[in-house]
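Numbering (my numbering), first residue to last: 5 to 163.
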């Protein structure tokens, strides 16, 4: 199975890149895993609603350009479904069982995801109502993907 994270912006913080690299290394024996990045849109600190929508659209176009037609897309969104680690494992197992070998998790920038990206997604996932930095979300998601793979293989991993 190919699992990708498509995200807006480039990670600069060493602790985040190191953490993601560690989980990516752990995933290597089980799945093909990739993190794809698109540049974030340069924008002023304070924007009107229309300007924020334009930023989301431009970033969304970049994200969608990375997504292959056969990919199953899961968009990370505040209004998405709340899954436990076991739910994520079951979703990945179900997709693999029914012939979907390519899953893309999409993480938007600081202004969220465009309507076009949300329409392309087959599922929306939320990690709760708290707002987390989108850069940190990559690390949290990578760890949860690793945890899901271990759950599906029946292998132990710290609780």
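Ideal Cβ placement from N, Cα and C applies to all residues, glycine included.
Predicted, not measured: the structure shown is a model, and the values here were computed from it.
(request) Output yes or no for whether 7 Å exceeds the beta carbon distance between residue 6 and residue 106. (result) Yes, the pair counts as a contact, with Cβ atoms nearer than the cut-off.
(message) On the DSSP letters alone, give me the boundaries of the alpha helix (DSSP H) that residue 127 sits inside.
(response) First-last for residue 127: 127 to 130, but that is the beta strand (DSSP E), not the alpha helix (DSSP H).
(request) Please say whether residue 110 and residue 8 have beta carbons closer to each other than 7 Å? (result) Between residue 8 and residue 110, the C-beta gap is not smaller than 7 Å, which leaves the two residues out of contact.
(message) If you reduce the DSSP assignment to three classes, tell me which class residue 4 lands in.
(response) Nothing can be reported for residue 4, as the shown portion of the chain is limited to 5 through 163.
(message) According to DSSP, is residue 107 part of a helix, a strand, or is it coil?
(response) Strand.
(message) My output table needs one value for residue 122: the three-state DSSP class, helix, strand or coil.
(response) Note: residue 122 maps to helix in three-state DSSP.
(request) Please classify residue 77: does DSSP put it in a helix, a strand, or coil? (result) In the three-state DSSP reduction, residue 77 falls in the strand class (E or B).
(request) Tell me whether residue 85 sits in a helix, a strand or coil according to DSSP, three-state version. (result) In this structure, residue 85 counts as strand in the three-state DSSP scheme.
(request) Specify the secondary structure class of residue 38 as computed by DSSP and reduced to three states. (result) Assignment of residue 38 by DSSP, reduced to helix, strand and coil, places it in the strand class.
(message) If contact is defined by three or more beta carbon pairs under 8 Å, each pair taking one atom from either stretch, is the segment 32 to 47 in contact with the segment 139 to 154?
(response) Taking a cut-off of 8 Å for Cβ pairs, the segment 139 to 154 and the segment 32 to 47 touch, as three or more such pairs fall below it.
(message) For the segment 45 to 56 against the segment 72 to 83, do three or more pairs of beta-carbon atoms, one drawn from each stretch, fall closer than 8 Å, so that the two count as touching?
(response) The answer is no - the segment 72 to 83 does not touch the segment 45 to 56, with fewer than three Cβ pairs under 8 Å.
(request) Taking residue 116 and residue 60 to be in contact with their CB atoms under 8 Å, please state how far apart those CB atoms are, rounded to whole angstroms. (result) Right, their Cβ atoms sit about 6 Å apart.
(request) Sort out for me which residues DSSP pairs residue 164 with in a bridge. (result) Past the boundaries of the shown model lies residue 164; the chain is included only from 5 to 163, so the question cannot be answered.
(message) I'd like to know whether the C-beta atoms of residue 155 and residue 93 end up nearer to each other than 7 Å.
(response) Yes, these two residues count as a Cβ contact at 7 Å.
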